[in-house]
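Protein chains in written order, with the numbering used here: chain X, 21 to 376; chain E, 21 to 376.
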């Protein structure tokens, strides 16, 4: 498969540098390439609780694209679909965590749980307050003891991010995040698999078929279903989510898994409004590419019970996303890597403008 | 090809309704389906100059997605890759134009030129001040007497939009738009063609090849070139633009033509910063899907000479784009259609909150 890259080995680091270059000075990274790929806010105030998330790349804008005001403090990026190392996560934690502590928001995959968990242990040995939550919103595999973390992770980022921005303490934020995780449910549907850079595309889903309950790393869906259009697709997805919904209001998150066109995504939003679960949906995030799976032609729908607090936090302002306004480009800073990768000192310096 | 739609005939109207539903009340449409597909701002102040643009659908978020603060007042949407009718354009003009007048921003295609032009004539017969500009930024076909309008159209929308929002008069805005058109240049490159809904996908671009200078409606590129990665791709595109660049600073617009992943787009931005034309680029719009061609796996690069005025106008705030913040959904208004489609009166009422 042809892709706009130079080399699979440098795809993620070059893409991160491009992201930094186009972030108008809001973002920086630690000086630890190629092993340590950590994107941080430049305007970070260590008096607040830091939010660190991440995982394999290929889900953009998650996670580096959500570093900024009201969302993440740092994103630790692995290679495509590969967990970042313990060292990388530790570097991220050390770079942004002050006395207020740090919350790690981790999707429920073995590698991520292990590496973020070990990094948390090591950070605590440095005397830092570190809490960790595991997101497991995917309802596709009801019998799996450990459900996967997918697009519902964004609910956690957004709500914890708004709380951290407002100055809430670590216990409050961790409890809110845990509450969100308890309530968040997601499922995806796709018409085609994703193209992993450097690998041939798998031709798994036949004509007239769709996969329901797929994973965001190209994992096969729970089942192949007949595909007869957008209306039936939303109804099928809604039917899988409905048994997990409580009574009361919900917020929905309509996620583009990659290459679904905006026309299709808008149409799916319209069908969602006509679906049996619509009366319970009071607010929407998207439709937009939020937790993608490279170029997958699919979507996912996530739901979260909504109360006044959550509604306020979910609507709170966030750092600007790329859109039709111009921003200056080309300048970003490479901060010292606190775990000493390519640097000798374990400096713990905050990465911020005019930093000490 | 499988797509998330119900019926080709209703694809665009259902997608527009979905867009309205997810715009948090900022957008409405005229009551003229299926022939009149006009999206308007709900917060519009007719004391200001109205900006009306549009054309065939399939380029989302252009144009309906750019209706709002600091951009368009109304978007007149045709079917996929088909010009809207004269009636539809006239309805759009009449719905939003007050004494300050209206600027039509039209991409240089025969159907659009004709239909927007005739609608302008008819609107003038109603006593309205209407000016029209034709965007022809594509440099792919140097010998063509009429260059195509592609992603550089966004420069015109953004600069005219910021001026209109600030209360500039029609002559000033039209002159600024004309100046932008004179300076804007664009070219695209794609690794695959787009999938037109309901039609089989054309398999035109072979392995190891890319098309340079393609159109945004699936028109074949000016030539097929060897594709050897992102660096060479940007260098080739930059080399085509360079002879058309004057001296001095420029703003770049890096546009995702559809299904290029955010990883690839960020990497292309990084390569742009390493390209020979980089020293002249002082600001960037994107990378983002701005003027897409359905699901085309490609990008385009546009350039515009930059001065202080343009820099300020290009950085001016715009209405929020879909991102990670939640907004209430489900409510939007259907305004009366001023050309009387499905309505008996030619009412000329402004489509605004609490309107007369």
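We treat Cβ as the ideally placed atom computed from N, Cα and C, and that holds for glycine.
- Straight across, the Cα-Cα distance linking residue 35 of chain X with residue 246 of chain E is about 23 Å.
- Distance from residue 167 of chain E to residue 135 of chain E at the Cβ level is roughly 19 Å; contact not present, criterion being Cβ atoms closer than 8 Å.
- Between residue 217 of chain E and residue 25 of chain E, the C-beta gap is smaller than 8 Å, which places the two residues in contact.
- Residue 48 of chain X has X/60 as its beta-bridge partners, per DSSP.
- When secondary structure is reduced to three states using DSSP, residue 175 of chain E falls in the helix class.
- With contacts defined as CB atoms closer than 8 Å, residue 116 of chain E and residue 96 of chain E fail to qualify as a contacting pair.
- Judged by DSSP secondary structure, residue 307 of chain X falls within the beta strand (DSSP E) whose first and last residues are 301-308.
- Judged by pairs of C-beta atoms under 8 Å, the region 316-325 of chain E touches the region 257-273 of chain E, as three or more such pairs exist.
- Here residue 330 of chain X is buried, its C-beta having at least 16 other C-beta atoms within 10 Å.
- In this structure, the CA atom of residue 224 of chain X is about 45 Å from the CA atom of residue 163 of chain E.
- Pairing residue 65 of chain X with residue 255 of chain X, the inter-Cα distance amounts to about 45 Å.
- Pairwise C-beta distances place the region 196-214 of chain X out of contact with the region 287-297 of chain X, as fewer than three of them are shorter than 8 Å.
- In the DSSP assignment, residue 317 of chain E forms no beta bridge with any residue.
- Straight across, the Cα-Cα distance linking residue 83 of chain X with residue 174 of chain X is about 9 Å.
- With 16 or more other Cβ atoms from the protein chains shown falling within 10 Å of its own Cβ, residue 281 of chain X counts as buried.
- Looking at the DSSP output, residue 322 of chain X bridges to X/206, X/273.
- One thing to note: residue 132 of chain E has its Cβ within 8 Å of the Cβ of residue 75 of chain E.
- Among the residues facing chain X, residue 22 of chain E is included, as its CB has a counterpart in that chain under 8 Å away.
- The continuous beta strand (DSSP E) containing residue 246 of chain X extends over residues 243-246.
- Per DSSP, the unbroken alpha helix (DSSP H) holding residue 38 of chain E starts and ends at 31-41.
- The Cβ atoms of residue 124 of chain E and residue 72 of chain E lie closer than 8 Å to each other.
- For residue 221 of chain E, the closest Cβ of chain X is not nearer than 8 Å.
- Residues of chain E with a Cβ closer than 9 Å to the Cβ of residue 319 of chain X are, in chain order, 24.
- From the listed residues X/311, X/292, X/310, the smallest Cα separation to residue 302 of chain X is found for X/292.
- The Cβ of residue 282 of chain E sits closer than 8 Å to at least one Cβ of chain X.
- Non-local C-beta neighbours of residue 111 of chain X in its own chain, meaning closer than 7 Å and more than five positions away in sequence, comprise 50, 52, 56, 58, 357, 358, 359, 361, ordered along the chain.
- Under the three-state reduction of DSSP output, residue 286 of chain E falls in the helix class.
- Listed in chain order, the non-local C-beta contacts of residue 105 of chain X below 7 Å within the same chain comprise 55, 135, local neighbours out to five positions each way being set aside.
- For residue 211 of chain X, the neighbours in chain E by C-beta distance under 7 Å run, in chain order, 22.
- For residue 345 of chain X, the closest alpha carbon among the candidates E/317, E/315, E/30, E/275 is that of E/275.
- One alpha carbon belongs to residue 186 of chain E, the other to residue 177 of chain E, and they sit about 14 Å apart.
- Residue contact with chain X for residue 164 of chain E: absent (no Cβ-Cβ distance below 8 Å to any residue of chain X).
- Taking the beta carbon of residue 241 of chain E as reference, no residue of chain X falls within 8 Å; the closest one sits roughly 14 Å away.
- Residue contact check for residue 105 of chain E against chain X: no CB pair falls below 8 Å.
- Scanning the region 47-135 of chain E from its first residue to its last, the whole alpha helix (DSSP H) runs of 4-plus residues come out as 106-116.
- Considering only beta carbons, no part of the region 46-61 of chain E lies closer than 8 Å to chain X.
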